[in-house]
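Trainee:
Residue numbers (our numbering): 206 to 893.
1) To the nearest angstrom, how far is the alpha carbon of residue 438 from that of residue 381?
2) One question on the structure: do residue 352 and residue 276 come within less than 9 angstroms of each other, judged by their Cβ atoms?
3) Does DSSP put residue 221 in a helix, in a strand, or in coil?
4) What does the alpha-carbon distance come out to for the pair residue 266 and residue 499?
5) Check whether the Cβ atoms of residue 479 and residue 313 lie closer than 9 angstroms to each other.
6) Below 8 angstroms on the Cβ atoms is my contact criterion, and I expect residue 339 with residue 308 to pass it. Report the Cβ-Cβ distance as a whole number of Å.
7) Is the CB-CB distance between residue 249 and residue 511 below 9 angstroms?
8) Indicate the three-state DSSP secondary structure (helix, strand or coil) for residue 666 in the structure shown.
9) Could you pull the start and end residues of the alpha helix (DSSP H) that residue 414 belongs to?
10) Can the beta-carbon of residue 495 be found less than 9 angstroms from the beta-carbon of residue 412?
11) Quick test of your reading: residue 375 and residue 454, contact by CB under 8 angstroms. State the CB separation rounded to the nearest angstrom.
12) Measure the beta-carbon distance from residue 363 to residue 462 and round it to whole angstroms, keeping in mind my assumption that it falls under 8 angstroms.
13) How long is the line joining the alpha carbons of residue 329 and residue 268, rounded to whole angstroms?
14) Under three-state DSSP, which class holds residue 241?
15) To the nearest angstrom, how far is the alpha carbon of residue 592 from that of residue 567?
16) Could you give the DSSP three-state label for residue 534: helix, strand or coil?
17) Given residue 513, which residues of its chain have a CB within under 8 angstroms of its CB, disregarding the five upstream and five downstream residues?
18) Determine the closest residue to residue 366 out of 238, 283, 385 and 457, with distance taken between C-alpha atoms.
19) What is the DSSP secondary structure of residue 275, reduced to helix, strand or coil?
20) Inspect the beta-carbon positions of residue 379 and residue 396 and report whether they are closer than 9 angstroms.
21) Ordered along the chain, which non-local residues of its own chain (more than five positions away) have a Cβ less than 7 angstroms from that of residue 271?
22) Select from 601, 425 and 440 the residue whose C-alpha is nearest the C-alpha of residue 913.
23) Taking 9 angstroms as the cut-off, decide whether the C-beta atoms of residue 405 and residue 373 are in contact.
24) When the Cα atoms are used, what is the spatial distance from residue 533 to residue 559?
25) Between the alpha carbons of residue 583 and residue 538, how many angstroms are there, rounded?
26) If we require 4 or more residues per run, which alpha helix (DSSP H) segments fall completely within the stretch 286–362?
27) Residues in its own chain within less than 8 angstroms of residue 445 by CB, not counting five upstream and five downstream?
28) Between 541, 345, 256 and 487, which has its C-alpha nearest residue 294's C-alpha?
29) Quick check on the burial criterion: 16 or more other C-beta atoms within 10 angstroms. Buried or exposed for residue 390?
30) Kindly give me the distance between the Cβ atoms of residue 408 and residue 429, rounded to whole angstroms, as I take these residues to be in contact under 8 angstroms.
31) By how many angstroms is the C-alpha of residue 529 removed from the C-alpha of residue 536?
32) Comparing alpha-carbon positions, which option in 410, 503, 542 and 341 lies nearest residue 482?
33) Under 8 angstroms: do the stretch 277–287 and the stretch 517–526 share three or more Cβ pairs, one atom per stretch?
34) Which value, in whole angstroms, describes the spacing of the CA atoms of residue 783 and residue 399?
35) With H, G and I counted as helix, E and B as strand and the rest as coil, what does DSSP make of residue 566?
Right under this line is the structure:
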C-alpha cells in the first residue's frame with residue numbers, strides 16, 4: 206500500500222508523520238541516532254573551532270608579550286649603555302669601554318631579535334627606526350671614543366710636559382735672577398709669570414676635566430696675562446742669555462697654548478656629540494620603544510577582551526546547542542517509541558481478541574509500510590481467513606443437512622482433516638503472535654532505554670562543556686612560569702635588601718670622607734696661617750736686613766726667598782682650600798643621592814614583595830584550573846560510556862526487529878497453507 210484509509214474506507218493523503226511512520230524500524234532508530242550524532246558533531250566542531258581561536262589568541266598574546274619584553278630590554282639596556290657612554294665622555298676612564306661594548310653587543314642582539322619577532326608593519330617600522338638610531342648613536346660613540354683618546358694623548362704627550370717644562374724653566378730663570386741680583390722688579394715679573402702659568406694650567410685642567418666655561422674664560426685671561434708678563438720680562442732682562450731663555454719659554458708657552466686650543470676644540474666636538482647629536486638619537490630610540498610598548502600592551506588588552514568575548518559566545522552557543530540536542534533527543538525518543546510501541550500494543554490487543562474468537566475487532570496499521578504494517582496485513586489475512594473458515598463451516602453444515610446421512614462419514618472425515626490442518630495453522634499463528642508480542646515488548650524497552658541514554662549523553666556533554674571553559678585560560682607552562690617568576694621576585698627582593706645595606710654602608714663611608722675633608726681643611730687653614738706668619742717674618746727680616754746695610758744683603762736675599770715661598774704656599778693652600786670645598790660639596794651631594802638611592806631600593810624591595818604575593822595567588826589559580834581539567838576528563842569518560850550503552854541498545858533493537866520480521870514471515874507462510882487447505886476443502890466439498 207502507498208496510502209492509508211480512514212475509518213470510512215476513504216483514502217487519506219500521507220503526511221509528514223506518515224512518511225516517518227512508514228519507514229522501517231531500523232531506519233527510524235538510525236535516523237534518531239544520526240540526528241543526535243550530527244548535533245554532537247556540530248557541538249564538537251564548535252568546541253574545536255572555539256578552542257582553536259582561543260589557542261590562536263594565546264599565541265598572539267604570547268607574541269605581543271615577547272615583543273613588549275624585547276622592547277623593554279632594549280629600552281633598559283640602552284639607558285644603561287647611554288650612562289656608560291656619558292661617564293666615559295666625561296672621565297675618559299678606559300675601564301668603562303669594555304662594559305659599554307658589552308652593553309652595545311647585547312643591545313644589538315636584542316634589536317635583531319625584535320626585528321625577527323615583530324610582524325606588525327607599524328611596529329616593525331618603529332623597530333627599524335630604533336636600529337637606525339642605534340647605529341647612528343654607536344657611530345657617534347665611536348667618534349667620541351676616538352676623539353677622547355686623541356685628546357688624552359695630546360694632554361699626556363704635549364700639554365702636560367710642555368706646561369711642566371715651562372714652569373721649570375721659569376723657576377730656573379727666577380733662581381738665576383736671584384743669584385745674579387737681577388733686581389726686585391725682575392724677580393717680581395718672573396714670579397708673576399710663574400703665577401699666571403700656574404693659573405693657566407689650573408684653568409686648563411678645569412676646562413678639559415669639567416667643561417667649565419668660566420674656567421675657559423679664566424684660562425684665556427691667564428694666557429693673556431702670561432704673555433704680558435713675558436713681554437715685560439723680556440724688556441726687563443738685558444742679557445742675551447736671559448733673552449734666549451725667555452724665548453725658549455715663550456715657545457713652550459705657545460706650544461702649550463696651541464695644544465690647549467686643539468684639546469679644547471676636541472672637547473667641544475665631544476660635547477656637541479654627547480649633548481647634541483647623541484641625545485637626539487637617544488630620544489628617538491626612547492620614543493619609538495615607548496610607542497612599540499604601548500601598541501603591544503594595547504594589543505594584549507584587545508586580545509584578552511576579544512578572547513573573553515569569544516569564550517562567552519562559545520559558552521552561550523554550547524548551552525543552546527546542548528539544550529537543542531537534549532530536546533531533539535527527547536523528541537526523537539518519544540516519536541520513535543510512540544511509532545513502535547503504540548501500534549504494537551494495539552496489534553497485540555487485536556490479536557488477543559482474534560484469538561478469543563472476536564472476529565469483528567479492527568486491525569490497525571494495515572496501511573503502514575514498515576514491519577508493523579506487514580504484521581498488520583498478516584493479522585488482517587488471518588482475520589479474513591478465520592471469517593472465511595466460519596463461512597465455509599456454515600456452508601458445510603448447510604450441505605450436510607442437504608446431503609443427508611450418506612455423506613456424513615465422508616464429511617466427518619473431511620471435517621476432522623480440516624480441523625487438524627487448521628488447528629495446526631492456528632497454533633502456529635498463535636505462536637507467531639506471541640513472538641511478535643515479545644519482540645514488540647523488547648522494542649518498547651529498547652526505545653525507552655534509548656531515550657534515557659540520550660538524556661544522559663546530553664547531561665554528560667553539558668557537564669564536559671562547562672568544565673572545559675576553565676581549561677581555556679590555563680596551561681601547564683603557566684604553573685612553571687609562575688614558579689620561576691616567584692623565585693626571581695624573591696631573588697630581586699633579597700638583592701634589593703643587600704643594595705639597601707650597601708647604600709647605607711656607602712653613606713657611612715662618605716660621611717667619614719666628609720669628616721676627613723673637614724680635617725684636611727683645618728690642616729690647610731693651619732698651613733695658610735703658618736704661611737702668613739712666615740711672610741710676616743720674611744718681611745721683618747727684609748726690613749732688618751735693609752737696616753743692616755751691606756752686612757745684611759745676604760740675609761735680605763734669603764728673606765726674599767722665604768717671602769716668595771710663603772706667598773706661593775699661601776696661593777697653593779688657597780687653591781687646595783677651594784678644591785676641598787668643592788670636594789665637601791660633592792660629598793654632601795653624594796650623601797643625599799645615596800640616601801635617595803637607598804629609599805628607592807627600599808621601595809623596590811616592597812614592590813618585589815607585593816609581586817611575590819600576587820604570584821602566589823596566581824599559583825593558587827593554576828591549581829584550581831588543574832582541578833577543573835580533571836572534572837572535564839571525568840565528564841568526557843561518562844559521555845563515552847553512555848555512547849557505548851546507546852550502541853548496545855541499538856543492537857538490541859535490531860535483533861528484536863529481526864525476530865519480528867521472522868515471525869511475520871512464518872505467519873505469512875502459515876496463512877498460505879491455511880488458504881491452500883481451505884481451497885482443497887472447498888474443492889472436496891464441491892466434488893462431493
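Idealized CB from N, CA, C, for every residue including glycine.
Mentor: According to the structure data:
1) 14 angstroms
2) no
3) Reliability fails at residue 221, whose pLDDT of 49 lies under 50, so the model's placement of it is uncertain and no value is given.
4) 14 angstroms
5) no
6) Not quite, the Cβ-Cβ distance comes to about 11 angstroms (not below 8 angstroms), so this is no contact.
7) no
8) No answer about residue 666 holds up, because its pLDDT of 49 lies below 50 and its placement is not dependable.
9) 389–415
10) no
11) 6 angstroms
12) With 8 angstroms as the limit, residue 363 and residue 462 do not qualify as a contact, their Cβ atoms being about 11 angstroms apart.
13) 13 angstroms
14) helix
15) 13 angstroms
16) helix
17) none
18) 457
19) helix
20) yes
21) 322
22) Nothing in the structure corresponds to residue 913, since the chain is present only between 206 and 893.
23) no
24) 39 angstroms
25) 27 angstroms
26) 300–322 and 326–359
27) none
28) 345
29) exposed
30) Contact doesn't hold; Cβ gap of about 12 angstroms is too wide.
31) 10 angstroms
32) 341
33) no
34) 20 angstroms
35) coil
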